[in-house]
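Numbering (our numbering), first residue to last: 898 to 1462. Virtual Cβ for every residue (Gly too), placed ideally from N, Cα, C. Model, not experiment: these values are computed from the prediction.
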């Protein structure tokens, strides 16, 4: 890349409020970004990468202070801009894609209206009679990000879309005005592999064809391998390594970078032995679930909405000690199946038989209540699933208390479980907001284990975690399973993780299981074209140069962009 940089960050320091774990969120960070370049900022949870992105967009949270340094976009110091100037800059010059789309979208506006709002606020096609032209532009933007039936979908509300579809709406909004700088904060973390590939291709296309500079925040080196020109690695707010993506991936210099790369799931099937005999601990067959059209509020129209078949004749058997992976694209029915298994969603037809005796799908609530302890769930978002007004001890002890365990025994059990999942004793008296995402997921696991379940349903339990924390949580889960002979239904969009921990894989597409088999068979000789498409979209790392100078092969290699000189 030649010429003046689009973005230049010069010795930036962001100060954290008093009482934080460290003084500065980022310290003395310098980097440049050229037009048309994709720069990935990588680091573990808490490394400061998201606050770095927020500072560039003028969106620092309250209490975080710009203490030193400059952020220069096209020669303009953004740190000196007023609120009025920022309103003109955001969207047109700088756009940001947030990690959590549901929190960033207005639940009371259709997605088309929200994309249209970006155009109207910046006076694009704002004259009389331009409404139809703007509507066509909105439809084209939704089509460009790969959303199905965009003419219909633009009338839908966010809650009617899957997580991946909502993320694509955010990307359509961010690209609506063809900004000079696109900041993407973990835009593909919660997306399935095929959707992730499309989103990354879209971001890369914007960089190459529109000369948009892209600053992409990620914890996934598979994403770096797919799209990055250069990479900066942050640790505790400080850059420890930077360079061309190809060089950093193949021959990392810093031990922290090597540790992050070593923690990335490699996509190779781990040998596992499970003896399947006797009655399955869980036997589901003929499961059907249809969601009727819903309104955001009772008085709002259901225009553009129609029913969705989330489960169609779904069935499988699960044995003690076995891990069954449920994989598929966003909207394929994975989470609906997970919720149905624990009776958080009622199926319209079919049976869910526990230990050959009890049909969980049909039992009345009173008869179901004592059986709930046998099948527990860990949710994708631990913060949303934990009561923020309760201490961790109260959260973990709630289940045993509800099932008749004495208070002293319940709290002693909570302390034992927190120690088992690697949390210190003082965690008992703290609250969920005082923990990192990985720690909260450990708390969620402790809560699920408090009732000694025979089955654990894990719905995307590691999808929001950085690779190092993800590896720790997966190792913990494997250890717990071995010690308890517990069966696990592991819902994930990450096939690399599924290869590592699952005995069998069920591949879901549009509410159906299209392939079911042992993990080695599914990964090594997939029969269904959809399964093969998922495997082909799986991001993995290229060969690395190891200590003796030889190459360490990867299971599958994708092209790294090496067009830069």
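To the nearest whole angstrom, what separates the beta carbons of residue 1227 and residue 1060, a pair I think is in contact under 8 Å? Residue 1227 sits at position 330 when you count from the first residue of the chain shown. Residue 1060 sits at position 163 when you count from the first residue of the chain shown. Indeed they touch by this definition, with Cβ atoms about 6 Å apart.
So who's on the other strand from residue 1350, going by DSSP bridges? As a position in the chain shown, residue 1350 is number 453, starting the count at 1. Answer is none; residue 1350 lacks a bridge partner.
Can you give me the start and stop residues for the alpha helix (DSSP H) that residue 1119 sits inside? As a working note, residue 1119 is residue 222 in the chain shown. That run of the alpha helix (DSSP H) goes 1118-1124.
Helix, strand or coil, according to DSSP, for residue 1276 in the structure here? Residue 1276 sits at position 379 when you count from the first residue of the chain shown. DSSP places residue 1276 in coil when its eight states are reduced to three.
So what does DSSP say about residue 1333, is it helix, strand or coil? On the chain shown, position 436 is the one that residue 1333 refers to. In the structure shown, residue 1333 sits in coil (DSSP, three-state: anything other than H, G, I, E or B).
Return the residue from the list 1129, 1171 and 1384 that minimises the CA-CA distance to residue 1151. Walking along the chain shown from the start, residue 1151 turns up at place 254. Out of 1129, 1171 and 1384, 1129 has the C-alpha closest to the C-alpha of residue 1151.
Between the Cα of residue 1110 and the Cα atoms of 1289, 1320 and 991, which residue gives the shortest distance? Indexing the chain shown from 1 puts residue 1110 at position 213. Selected option, being the one with the closest Cα: 991.
Are there any heavy atoms of the ligand HEM lying less than 7 Å away from the beta-carbon of residue 1303, as far as the coordinates show? Ligands are entirely absent from the displayed structure, and the ligand HEM is therefore not among its contents.
Please go through the same chain and pick out, in chain order, the residues whose beta-carbon is closer than 6 Å to the beta-carbon of residue 1162, but skip the five residues on each side of it. As a position in the chain shown, residue 1162 is number 265, starting the count at 1. Excluding positions up to five away in sequence, the list reads 1393, 1394 and 1397.
With a CB to CB cut of under 6 Å and the five nearest residues on each side skipped, what residues in its chain are close to residue 1219? The residue labelled residue 1219 in the question sits at position 322 within the chain shown. Answer for residue 1219: 1171, 1384 and 1400, listed in chain order.
Measuring alpha carbon to alpha carbon, tell me which of 1260, 1252 and 1254 ends up nearest residue 1243. On the chain shown, position 346 is the one that residue 1243 refers to. Among 1260, 1252 and 1254, the Cα nearest to that of residue 1243 is on 1260.
Relative to the alpha-carbon of residue 968, which residue among 985, 952 and 983 has its alpha-carbon at the smallest distance? Start at 1 with the first residue of the chain shown, and residue 968 comes out as number 71. Among 985, 952 and 983, the Cα nearest to that of residue 968 belongs to 952.
Complete beta strand (DSSP E) runs within the segment 1221-1266 (minimum length 3 residues, chain order): 1246-1251
Classification of residue 1426 by the beta-carbon crowding that lies within 10 angstroms, buried from 16 upward: Counting from one through the chain shown, the residue named residue 1426 turns up at place 529. In this structure residue 1426 is exposed. Its beta-carbon is surrounded by fewer than 16 other beta-carbon atoms within 10 angstroms.
Run through the segment 1029-1114 for me and flag every whole beta strand (DSSP E) of 3 or more residues, listed as ranges in chain order. 1078-1082
By Cβ distance, which residues of its chain are closer than 8 Å to residue 1340, with the 5 residues on each side in sequence left out? Walking along the chain shown from the start, residue 1340 turns up at place 443. Hits under 8 Å: 1279, 1283, 1289, 1292, 1293, 1315, 1318, 1320, 1324, 1329 and 1332.
Could you check how far apart the C-beta atoms of residue 1431 and residue 1091 are, in whole angstroms? I think they sit under 8 Å. Working through the chain shown from its first residue, we reach residue 1431 at position 534. Working through the chain shown from its first residue, we reach residue 1091 at position 194. Rounded, the Cβ-Cβ distance is 6 Å, consistent with contact.
Which residues does DSSP list as the beta-bridge partners of residue 1436? What you label residue 1436 is simply residue 539 of the chain shown in a count that begins at 1. DSSP output for residue 1436 lists no bridge partner at all.
Assuming residue 1082 contacts residue 947 (C-beta within less than 8 Å), just tell me the rounded distance between them. Working through the chain shown from its first residue, we reach residue 1082 at position 185. Working through the chain shown from its first residue, we reach residue 947 at position 50. That belief holds up - the Cβ atoms of residue 1082 and residue 947 are roughly 6 Å apart, short of 8 Å.
Please classify residue 1056: is it buried, with 16 or more other beta-carbons within 10 angstroms of its beta-carbon, or exposed? In the chain shown, residue 1056 corresponds to position 159, counting from 1. Burial is judged here by how many other beta carbons sit within 10 angstroms of a residue's own beta carbon; residue 1056 has fewer than 16 and is exposed.
Does the Cβ-Cβ distance between residue 1038 and residue 1072 come in under 8 Å? The sequence position of residue 1038 within the chain shown is 141, counting from 1. The sequence position of residue 1072 within the chain shown is 175, counting from 1. Taking the C-beta atoms as reference points, residue 1072 is found nearer than 8 Å to residue 1038.
Residues near residue 954 by beta carbon distance below 6 Å, same chain, minus five either side: By 1-based counting over the chain shown, the position of residue 954 is 57. Counting only Cβ-Cβ distances below 6 Å, and skipping sequence neighbours, we find 991, 993 and 1080.
Please state whether DSSP places residue 1286 in a helix, a strand or coil. Translated into the one-based positions of the chain shown, residue 1286 becomes position 389. Note: residue 1286 maps to coil in three-state DSSP.
Mind listing, in chain order, the continuous alpha helix (DSSP H) runs of no fewer than 4 residues lying wholly within the segment 1127-1204? 1142-1147 and 1152-1160
Classify residue 929 as helix, strand or coil using the three-state DSSP reduction. Residue numbering aside, residue 929 sits at position 32 when the chain shown is read from its first letter. In the structure shown, residue 929 falls within a strand segment according to DSSP collapsed to helix, strand and coil.
Mind listing, in chain order, the continuous beta strand (DSSP E) runs of no fewer than 3 residues lying wholly within the segment 1361-1397? 1384-1388
By Cβ distance below 8 Å, which residues in the same chain neighbour residue 1241 in space, the five residues on each side in sequence not counted? One-based indexing of the chain shown puts residue 1241 at position 344. The answer, listed in chain order, is 1274.
Quick check: the Cα distance between residue 956 and residue 915, rounded to an integer number of angstroms? Walking along the chain shown from the start, residue 956 turns up at place 59. Walking along the chain shown from the start, residue 915 turns up at place 18. When rounded, the distance between both Cα atoms is 20 Å.
Decide if the segment 1294-1303 is in contact with the segment 1350-1362; the criterion is three or more beta carbon pairs, one per stretch, under 8 Å apart. no
Nearest by alpha-carbon distance to residue 1077: which of 1112, 910, 996 and 1348 is it? The sequence position of residue 1077 within the chain shown is 180, counting from 1. Looking at the Cα atoms, 1112 is the closest of the given residues.
Which word fits residue 904, buried or exposed, when buried means at least 16 other C-beta atoms lie within 10 angstroms of its C-beta? Taking the first residue of the chain shown as position 1, residue 904 is located at position 7. Answer is buried; the Cβ neighbour count reaches 16.
Is the beta carbon of residue 988 less than 8 Å from the beta carbon of residue 961? Mapped onto the chain shown, residue 988 falls at position 91. Mapped onto the chain shown, residue 961 falls at position 64. Cβ distance not < 8 Å, so residue 988 and residue 961 don't count as in contact.
Whose C-alpha, out of 1350, 936, 1041 and 999, is nearest the C-alpha of residue 1104? Translated into positions along the chain shown, residue 1104 becomes position 207. Nearest option by C-alpha distance: 936.
Meets three-Cβ-pair contact criterion under 8 Å: the segment 1373-1387 and the segment 1343-1353: yes
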